[in-house]
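Peer 1: Protein chains in written order, with the numbering used here: chain A, -14 to 290; chain B, -10 to 316. From the three backbone atoms N, C-alpha and C, an ideal C-beta is built for every residue, glycine too.
1. Which residue from 163/B, 165/B, 57/B and 187/B puts its Cα closest to that of residue 172/B?
2. Checking 9 Å against the spacing of the C-beta atoms, do residue 79/B and residue 144/B come in under that value?
3. Can you list, in chain order, the residues of its chain whose CB lies under 6 Å from that of residue -9/B, leaving out five sequence neighbours each side?
4. Residue 1/B by DSSP, collapsed to three states: which one?
5. Using a Cβ-Cβ cut-off of 9 Å, state whether residue 83/B counts as contacting chain A.
6. Given that residue 95/B touches chain A, what residues does it touch there, using C-beta distances under 7 Å?
7. Using a C-beta to C-beta distance shorter than 9 Å, which residues of chain B count as neighbours of residue 209/A?
8. Three-state secondary structure (DSSP) at residue 59/A?
9. Could you tell me whether the Cβ of residue 48/B comes closer than 9 Å to any Cβ of chain A?
10. Taking only three categories from DSSP, how would you classify residue 320/B?
11. Per DSSP, what kind of secondary structure is residue 88/B in: helix, strand or coil?
12. What did DSSP end up calling residue 135/B once you bin it into helix, strand or coil?
13. Taking only beta-carbon atoms, is residue 34/A less than 9 Å away from chain B?
14. Identify the contact partners of residue 79/B in chain A, using a Cβ-Cβ distance below 9 Å as the criterion.
15. Residues of chain B with CB closer than 8 Å to the CB of residue 153/A, please, in chain order.
16. How would you label residue 53/B, buried or exposed, when you count the other beta carbons within 10 angstroms and need 16 or more for buried?
17. Taking the straight line between their C-alpha atoms, what separation do you get for residue 21/A and residue 208/A?
18. For residue 92/A, is the classification buried or exposed, using 16 other Cβ atoms within 10 angstroms of its Cβ as the cut-off for buried?
19. Between the stretch 74 to 86 of chain A and the stretch 238 to 257 of chain A, do at least 3 Cβ pairs fall closer than 8 Å?
20. Alpha carbon to alpha carbon, how far is residue 222/A from residue 271/A? Give it in angstroms, no decimals.
21. Go ahead and label residue 50/B buried or exposed: buried means 16 or more other beta carbons lie within 10 angstroms of its beta carbon, across all protein chains shown.
22. Count Cβ pairs between the stretch 268 to 286 of chain B and the stretch 196 to 215 of chain B that sit closer than 8 Å; are there 3 or more?
23. Taking the C-alpha atoms as reference points, what is the distance between residue 184/A and residue 148/B?
24. From the DSSP output, read off the bridge partner residues of residue 228/B.
25. Decide if residue 304/B is buried, meaning its Cβ has at least 16 other Cβ atoms within 10 Å, or exposed.
26. Determine, using beta carbons only, whether residue 151/A and residue 203/A come nearer to each other than 9 Å.
Encoded structure:
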């Protein structure tokens, strides 16, 4: 057996990827980021799923073969066929059309709720981390309180108070997601606010608010974006859960959660009524999680080698 | 003293403490000194002597609590320690600028260098941003950054340490301050760049009439730059005087020790060193703080703390033995 000497090894070892550890200039940075991101196949799949969702939501009117609310467009509870790719439900409505329109609600709830939670949570975390002391303690104890509730329980309680409807689902889910954003933000603010450039900005005479939002915030954005991407899938699951429990948008509206719930009654006779929206939900959630993981691996400086 | 009128900066009995109740630690203990207009004053001492804290306390950059600052810092007749935050913010960066040891870290990585200078100037100067943008390029080339118009669009990581420190100096002088506090401005740079940056500070100070408080542990740098020197040891000023007197006739044994540690061109003798280490804040000795390490300590040094006494024109030292010896 031939022995490998050191030179052999060094020659054959793959060149280390030229990892750029510094936050590069914006334009160059996007290019560098994309090259790293594209290497992660799961993440690219996730991105494709996400873009597919967006397309479905935007062009639902064009893509859906039938009116999602029209009853009797096919025989009730018919399995998948050429006329109805995903079959029909108990009212004879076209399942595929309902899933496509359902994507619209899932996506709107997911994104709007997360954005809402992001804006509020990041602001709270920024204030808590930057000012510290009593302000920090007060804000973070409230956040701990929110954290203590399972999100679905919190959302159920809020829906019970506010009533049904897409808007209230969004608010309920957003409230549940404020705490994680506040925590992530606060932790990073604590680190960044000790950086010399923050001290330097203060020294030049920049006031607290501009320091927080112009100097600290851009430096902690990467983990916040990652958090947001990962939370969108959580928001979609929560929304589906609420709808499944009958707390989502009221009945004729095509929502994945209530479609799954409705199929329970016919699970033996017509399993597709529950499973197909379930599969749509699963693909979406797995895709978004993979996308979020990919973002984290490429954006979060703490995980860089 | 060189200035007949009142000095630019008057520090009196400046004390910085940390901790609370009985366990307060005094990192800076009753420091008093002046900086005249256009004067370059060096503040020298070992790590932990309190020199950085002294310079930070002048601008109230120490977080209080846990810190506590006492005494008076008069700048152009106003007591900075008594000023409200808004007034202090107006002075910071405008009348008193500060540059730090770590130039790379002092620039925010997410902004272009030029934009950071622009922001600093827009805060204090009335001109329009477009005018200021031209000034930024002017300042960057003035501090010796080649093709300044181009480099203003760079991000901080594209700057070397020396360039970043030049940019920081540019930011410091952009609003034409009357005092520049430079805390170890060249410690993080390599020696050739060090000399260039020091020369730059000296030239700008002379051209613009800016007074400089230069904090350094390096007596060599101080000797090239300063008109006057303050020597700090364990939170106190132990000697102050004009640069010539300090180097030719150092009065305090600690200063003599520091000078003996400097490498000399002539002679291949071993470098001197001061035996022992500076006491920690929790174990400051009674009497003269330097006596456990002092080669010429007398019995009374162990219980009686010496005051600063005049030993020559503008030259004072805190040692029982000054005057007693004539060598």
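Peer 2: If we stick to the structure as given:
1. 187/B
2. no
3. Legend: pLDDT at residue -9/B = 44, less than 50; position of this residue unreliable, value from coordinates given subsequently. If we look at residue -9/B and ignore the five residues flanking it on each side, its Cβ neighbours are 25.
4. strand
5. yes
6. 181, 182 and 185
7. Going along chain B, no residue has its Cβ under 9 Å from residue 209/A, so there is no contact; the nearest lies around 14 Å.
8. If DSSP states are grouped into helix, strand and coil, residue 59/A belongs with coil.
9. Yes, contact with chain A.
10. The structure shown does not extend to residue 320/B, since chain B is modelled only from -10 to 316, so the question has no answer here.
11. strand
12. coil
13. no
14. Neighbours of residue 79/B on chain A, chain order: 190.
15. Within 8 Å Cβ-Cβ: nothing; residue 153/A doesn't reach chain B, min ~37 Å.
16. By the Cβ-count criterion, residue 53/B is exposed, with fewer than 16 other Cβ atoms from all chains shown falling within 10 Å of its own Cβ.
17. 17 Å
18. buried
19. The stretch 74 to 86 of chain A is in contact with the stretch 238 to 257 of chain A.
20. 11 Å
21. With 16 or more Cβ atoms within 10 Å of its Cβ, residue 50/B is classed as buried.
22. no
23. 20 Å
24. 220/B and 306/B
25. By the C-beta density criterion, residue 304/B is buried, having at least 16 other C-beta atoms within 10 angstroms.
26. No, these two residues do not count as a Cβ contact at 9 Å.
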